[in-house]
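Contents: one structure, followed by commentary.
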Amino acid sequence: GNRLKDLAGLAGTIALEILDVSNNRLTSLAALKCILNMHILKSLDCTGNGVRERRVYSSYVRNQIRTLEILDRQLLSPSEERLNTIVCPRNCI
930 GNRLKDLAGL
940 AGTIALEILD
950 VSNNRLTSLA
960 ALKCILNMHI
970 LKSLDCTGNG
980 VRERRVYSSY
990 VRNQIRTLEI
1000 LDRQLLSPSE
1010 ERLNTIVCPR
1020 NCI
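Under my numbering, think of the first position of the sequence shown as 930, with each following residue one higher.
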């Protein structure tokens, strides 16, 4: 990894389909905020990051990036993509 603590350097980047930020130092959902505007992102790999330990991580990412087909090296089923909803309090990020 590159010891990344956030993805601010990717702000404004919208043309990515695959993003591998595995084995870094991403620990909060706020660290992922900059990639939420990537409307064609199909694969996101955050394995090896503390953010995955957040209880709402998977649901949050799936709901924010609706084009995602693969999350953390796991293929998402169409039913998971459609049925996965979340109510996130203001302080969850």
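The C-beta atom is built at its ideal place from N, Cα and C for all residues, glycine as well.
Item, Value
"From Thr942, Leu936 and Ile947, residue whose alpha carbon lies closest to that of Ser957", "Leu936"
"Beta-carbon contacts of Ala960 that lie in its chain and below 7 Å, excluding the five residues immediately before and after", "Lys934, Asp935, Leu936 and Val980"
"Bridge-paired residues (DSSP) for Ile947", "Ser972"
"Residue burial classification, Leu955 (beta-carbon count within 10 angstroms, cutoff 16)", "buried"
"Length of the line joining the Cα atoms of Ile943 and Ser987", "21 Å"
"Buried versus exposed call for Leu1004 [16 or more other C-beta atoms within 10 Å across all chains shown]", "exposed"
"Neighbour-count burial assignment, Ile947, 16 or more Cβ in a 10 Å radius", "exposed"
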